[in-house]
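Student:
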Amino acid sequence: MIINPVPGIGEDARLVIGEEDGRVKSVRLEAVNKLFIEEVLRGRALELLPSITPVFCSSDSWSYTVASVMAVEDVLGRKPTIPALGLRRLGLLLEIIENHVRNNAFKTLPLLGVDVRGEALRILGYTIRIKELLSGRSINPIIYVPGGVSWRPDDKLIGEMADYARRLLEKITVHSKKLISNLKNNEFYNKLIKQEFNPTSYIGVIGRNGEPGIINGEIALLKPGGEVVKLELKDLLDKLSVSSEGLSYWVELSGDEPVRSGPLARLNIVHGYPSENASSIYEEILLIAGGKPVHNPFYTVLARIAESVYAAELVYESLSDTDWLSGSLVNPKESPGKTGYSVVDSGRGLIIHSYVVDGKLVVRDLSIYTPSHFNYAALRRDLSLLTGRVLGDETVRLAEALITLSDLCVSELTINPVVKGEG
Amino acid sequence: MSEGLSIGFLELTGCSTCLENVLLHEKLSGILGGLGSVKYWPSHGYTEEPDSLDVLFVSGAVRSRGQVEKLKKLRDKTRVLVAYGTCSIYGGLIGLTALIDASSRSGEFLETVKTVPDIVEPDILVTGCPPTRDQLDELAGVIKDYLENGKPRGKVFIGNRNSLCRDCPRKPRDPYRFEMPSIKRDHELVEDDGRCFLEQGILCLGPVTSSGCGHLCILRGRPCMGCNGPARGVVDQGLNYISSIGSILLKSMERIRMFDYFAAEMDKLVDPMGYLYRYTLPKSLLTELALKKRGVGEK
Amino acid sequence: MTWEPWLIGFLEKWTAGLAAESAGVNRVRYSPNIVLINIPCPSRLSPVHIVKAFLAGADGVYIGGSMPPANCHYKVGNYKTFKRMYLLKKLMAQFGIEPERLRMDWYVSPMYRALAKNIDEFVETIKKLGPITSRERVDGL
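Protein chains in written order, with our numbering: chain A, 1 to 423; chain B, 424 to 722; chain C, 723 to 863.
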């Protein structure tokens, strides 16, 4: 049995279910499209990468642009200015909201029989409006440059954005409360979150006080046993190993369980969300789950809700007090080197860029690890749990839901990472 | 009139995030009937292929044989086919892979990147990465007109097709002594003085790019990257651009310095392909030549 | 039949064009594989024209301008030509098309022997590079 298009991915992948006597024998998600874009990136001028790498996945384009800008910054040896850091954080928060709302409403929830697509579109309307005011276009932002930003919004625009942010926050708070009570009464969902899943490791960026770090914090690895390890980016790169099957690629930490990144991982890693509404949702999730770590991927739905509210609160907060926007835009002081690294914990999960350049600042080699690379390994194992079930509608729906929860992007899945941490 | 409309979204290779903006645009969404009219959108849970569609939005570039078939099949079922976004018309960022022969890895892939107009005849073309709010305003009017009064003559291009420089807010000091004093790379622009980017030595693709975007980047202190596709009269963005650059680069040094001097300055441009064809590589004459040289597309 | 290259040359009529005429008057032979066209100034050639010539089947494109560069009939035409063709060569290299297929030389009108020699050399270069399209042309001209 072959399913194509796959929900949440479209026609770039197919779900292959092997059958034996009416029962599932094997389940595989196979990438069928490949961008080959990594071959194009070699030989490009370094400064062009922030505008090209978002092509990996433009529903995450802001994260890719920021990750790329940060890696270019690292190569050039520039330090970003304070307005730049603030605007980057703002953009990424907006994208986290978008990502979570989009994935829940359009990809996962329809499979559970919950239709909130109309409301989700209205929420996306607000985030996209703010993004448009910020960067002119809602996809592939242009204002981020190595060492700073090219432009800052004036007070009138900030006022307009803050107004949208306020409405966004109101809308999303109501929406998530309704959605959570809706899910609590959803029998299918309740059945799903009680299922047993294999423990995995979790990775994410965590801030100083245990909040989600996004671009500012340390990489934390949570082992299945509950042990937390803080990692340097270069150490992490050394530990990653790449495997492939056909056009699908994934990474694993050498000698470890599959490692998940993204909303579920952050739910397990963070100590809480330091904002009002989000922390109450967080408490509620812990109550349902009965403690952390949560290994059931279906909790991703709830994690996304909590995080989108958290992000909306931060967006409103940072737009209502914009002292951070003053000061110089770009910091041109630089001392170019040969390599550059960056990590961004986006809505989807961990994005790692590492570039190697030559004397003329032309990219000679690069590797880009995407959330899909991490989550695909965990998904493979989750899907294998379906083996032996009766092949019916419900099993297929379950498999599809698991895929949407891992939030894969097949164009990402097919990048072949090459460079390791050394150098 | 929006009652009973059936609309579809087809995502070919590309990010296709821009398709969501169609439903987020109040006027356009109102004409189309909003989410209720969506009958086909595989990645968003509407996977069943309908028998007929009133409006189909196609985004992304064509990379595989399956996509070619799909596109042809849906064209036959559709009244108004909108090629939406730069990827679908010029290849966009995906188009950068046009010179990679993917067919050698898997027979399913085409030998190069094709665009929607290469395969079927679109009725309306909307450029932009993503198309802007103003372009969608115009698109809403065109679609309304189309649905009410039938097919207009010829293809309809949404957005202003003049060169971006024509009504650019950044003016050169003296158009008759217009000179590009050096070639600077993108990251070397640290002190923007608000003058024309070319006068500051920055490669801005404004002269060859159509102005449908409304100067988004230029208003925010960034040079044009050419995402809106070639302006009217531009055959090939990159080639026409180097023709313009040839006229203005170090103009005051002509007849004074030797060729080596100019060559040294031009060597600073390390990656002309990346700079000049970021969004339109599949439509470049040089790509056509390179593919012909390789024997692609010959029977 | 063996493959013979087919080339097109654009000569500035005030100098290189005159040199080509002198070559004829003085019975200096040069390769028949090239078609020469006199134009007032090579700076009018857009890179689009050059690439279209390649697309139409030219295996090489030759441009003859005036020497010294500052001696251009239109003052600065040589400089514009040089800048355009230099950038075009850089682009061609990135696209996997040998930049050697495009050649520029500079002449004063008495240099007809040099013109003939350069053209012969260029034809040899192109012969080594082979045809620009994979298809074998039966007869070049």
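Even glycine gets a Cβ: it sits at the ideal position worked out from N, Cα and C.
Does the distance from the CB of residue 140 of chain A to the CB of residue 61 of chain A come in under 8 Å?
Tutor: Against a cut-off of 8 Å, the Cβ pair of residue 61 of chain A and residue 140 of chain A comes out as a contact.
Student: Name, in chain order, the residues that DSSP records as bridge partners for residue 542 of chain B.
Tutor: In the DSSP output, where bridge partners are listed per residue, residue 542 of chain B has none listed.
Student: Nearest to residue 749 of chain C by alpha carbon, out of C:769, C:837, C:765, C:735?
Tutor: That would be C:837, whose Cα lies nearest to the Cα of residue 749 of chain C.
Student: Output, in chain order, the set of chain B residues within a Cβ distance shorter than 7 Å of residue 791 of chain C.
Tutor: Within chain B, the residues near residue 791 of chain C are 682.
Student: Below 8 Å CB to CB, which residues in the same chain sit around residue 691 of chain B once its five sequence neighbours on both sides are set aside?
Tutor: The answer, listed in chain order, is 605, 606, 607, 608.
Student: Excluding five sequence neighbours on each side, which residues of the same chain lie with their C-beta closer than 7 Å to the C-beta of residue 327 of chain A?
Tutor: So the list reads 81, 82, 83, once near-sequence residues are dropped.
Student: In three-state terms, what does DSSP make of residue 441 of chain B?
Tutor: The answer is helix: DSSP assigns residue 441 of chain B an H, G or I state.
Student: Using the rule of at least 16 other Cβ atoms within 10 Å of the residue's Cβ for burial, across every protein chain shown, is residue 258 of chain A buried or exposed?
Tutor: Result: buried.
Student: Under 8 Å: do the stretch 652 to 659 of chain B and the stretch 567 to 574 of chain B share three or more Cβ pairs, one atom per stretch?
Tutor: Contact fails: fewer than three Cβ-Cβ distances are below 8 Å.
Student: Locate the beta strand (DSSP E) running through residue 345 of chain A, then write down its first and last residues.
Tutor: 339 to 345 is the extent of the beta strand (DSSP E) around residue 345 of chain A.
Student: Answer yes if the stretch 504 to 516 of chain B comes into contact with the stretch 432 to 449 of chain B, meaning at least three C-beta pairs across the two stretches below 8 Å, and no otherwise.
Tutor: Because the criterion of three Cβ pairs below 8 Å is met, the stretch 432 to 449 of chain B and the stretch 504 to 516 of chain B touch.
Student: DSSP three-state call for residue 724 of chain C: helix, strand or coil?
Tutor: Residue state, collapsed to three classes: coil.
Student: Give the residues from the stretch 291 to 305 of chain A that approach chain B closer than 7 Å (Cβ to any Cβ), ordered along the chain.
Tutor: Answer set for the stretch 291 to 305 of chain A: empty.
Student: Do residue 494 of chain B and residue 481 of chain B count as a contact pair if the criterion is CB distance below 8 Å?
Tutor: Going by C-beta atoms, residue 481 of chain B is nearer than 8 Å to residue 494 of chain B.
Student: At the 8 Å Cβ level, is residue 783 of chain C part of the contact set with chain B, yes or no?
Tutor: Residue 783 of chain C does not count as touching chain B.
Student: Please determine if the stretch 35 to 52 of chain A and the stretch 540 to 555 of chain B are in contact, where contact requires at least 3 C-beta pairs separated by less than 8 Å.
Tutor: With the cut-off at 8 Å, the stretch 35 to 52 of chain A and the stretch 540 to 555 of chain B do not touch.
Student: Under the three-state reduction of DSSP, which class applies to residue 818 of chain C: helix, strand or coil?
Tutor: Coil at residue 818 of chain C, not helix or strand.
Student: Compile a chain-ordered list of the residues in the stretch 809 to 824 of chain C whose CB is closer than 8 Å to at least one CB of chain B.
Tutor: Against chain B - using a Cβ distance shorter than 8 Å - the residues of the stretch 809 to 824 of chain C are 809, 810, 812, 813, 814, 816, 817, 818, 819.
Student: Starting from residue 175 of chain A and walking both ways along the alpha helix (DSSP H), at which residues does that stretch end?
Tutor: Note, residue 175 of chain A: alpha helix (DSSP H), 155 to 184.
Student: If you run the structure through DSSP and keep just helix, strand and coil, what is residue 578 of chain B?
Tutor: DSSP places residue 578 of chain B in coil when its eight states are reduced to three.
Student: Nearest by alpha-carbon distance to residue 743 of chain C: which of C:760, C:756, C:730, C:728 is it?
Tutor: Taking only the C-alpha atoms, the option nearest residue 743 of chain C is C:760.
Student: Out of B:582, B:429, B:629, state which residue places its alpha-carbon closest to the alpha-carbon of residue 504 of chain B.
Tutor: Checking every option, the nearest Cα to that of residue 504 of chain B belongs to B:429.
Student: For residue 72 of chain A and residue 389 of chain A, what's the separation of their Cα atoms in angstroms?
Tutor: Going by the C-alpha atoms only, they are around 49 Å apart.
Student: Classify residue 863 of chain C: buried if its beta carbon has 16 or more other beta carbons within 10 angstroms, exposed otherwise.
Tutor: In this prediction, residue 863 of chain C scores a pLDDT of 38, lower than 50, which makes its location untrustworthy; no coordinate-derived value is stated.
Student: Taking the alpha-carbon of residue 829 of chain C as reference, which of C:796, C:725, C:785 has the nearest alpha-carbon?
Tutor: The candidate whose alpha carbon is nearest that of residue 829 of chain C is C:785.
Student: Under 7 Å Cβ to Cβ from residue 689 of chain B, same chain only, skipping five residues before and after it: list those, please.
Tutor: 606, listed in sequence order.
Student: Does the beta carbon of residue 658 of chain B sit closer than 8 Å to a beta carbon anywhere in chain C?
Tutor: Yes, its Cβ sits closer than 8 Å to a Cβ of chain C.
Student: Would the beta-carbon of residue 737 of chain C be found less than 7 Å away from any heavy atom of the ligand GDP?
Tutor: The ligand content of the structure shown is nil, which means the ligand GDP is not present either.
Student: With a CB to CB cut of under 7 Å and the five nearest residues on each side skipped, what residues in its chain are close to residue 195 of chain A?
Tutor: Closer than 7 Å at Cβ, skipping near neighbours: 296.
Student: Tell me which same chain residues have a C-beta within less than 6 Å of the C-beta of residue 559 of chain B, skipping the five on either side of it?
Tutor: Cβ neighbours of residue 559 of chain B beyond the five flanking positions: 448, 451.
Student: Ignore the nearest five residues each way along the sequence and tell me which others in residue 153 of chain A's own chain have a CB closer than 8 Å to its CB.
Tutor: So the list reads 133, 134, 161, 325, once near-sequence residues are dropped.
Student: Can you tell me the Cα-Cα spacing of residue 254 of chain A and residue 538 of chain B, whole angstroms?
Tutor: Their backbone Cα atoms lie some 42 Å apart in a straight line.
Student: Taking C-alpha atoms, which residue in A:372, A:264, A:138 lies nearest to residue 29 of chain A?
Tutor: Among A:372, A:264, A:138, the Cα nearest to that of residue 29 of chain A is on A:372.
Student: Expressed to the nearest angstrom, what Euclidean distance is found between the alpha-carbon atoms of residue 472 of chain B and residue 24 of chain A?
Tutor: Roughly 27 Å separates the two Cα atoms.
Student: Please return the same chain residues whose Cβ sits closer than 6 Å to the Cβ of residue 120 of chain A, not counting the five positions on each side in sequence.
Tutor: So the list reads 101, 105, once near-sequence residues are dropped.
Student: Report, in whole angstroms, the separation of the C-beta atoms of residue 52 of chain A and residue 640 of chain B, which I expect to be a contact under 8 Å.
Tutor: The pair is not a contact, with the Cβ atoms about 15 Å apart (cut-off 8 Å).
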